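In the numbering used here, the protein residues as written are 329 to 434.
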């Protein structure tokens, strides 16, 4: 299970180190990270040579963390942490209510 609080702390630490960014810079960084994820997935699903290169080089999980950090920068920029937490709880409960997630797993 992903600890979103830890990602939030990582995003804050990166802002402390590299400085604050506005929403346009955050979206640009998020777009870059999503592009890197797409390139890695395409390489993994492409030809054998591309797949071997992707598996031995770039690490998909690190690119996903970078993208999540950029998303949490937006959460912080717009001060949406409480709303995000509530939205996640509501969404989770809906999936439980619809029978796709067992209440015991929550």
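Beta carbons are placed, not taken as given, at the ideal position from N, Cα and C, and that holds for glycine.
Bear in mind that the values here come from a model prediction, so they are computed numbers and not experimental data.
Would you say residue i and residue j are within 7 Å of each other, going by their C-beta atoms?
i	j	result
residue 410	residue 403	no
residue 391	residue 365	yes
residue 339	residue 362	no
residue 336	residue 400	yes
residue 388	residue 368	yes
Could you pull the start and end residues of the alpha helix (DSSP H) that residue i belongs to?
i	result
residue 401	388 to 405
residue 363	351 to 373
residue 413	409 to 425
residue 344	332 to 346
Thinking C-alpha only, which one of the options is nearest residue i?
i	options	result
residue 360	432, 420, 397	397
Would the C-beta of residue i count as close to the ligand ZN, meaning under 6 Å from any of its heavy atoms?
i	result
residue 415	The ligand ZN is not part of this structure, which contains no ligands at all.
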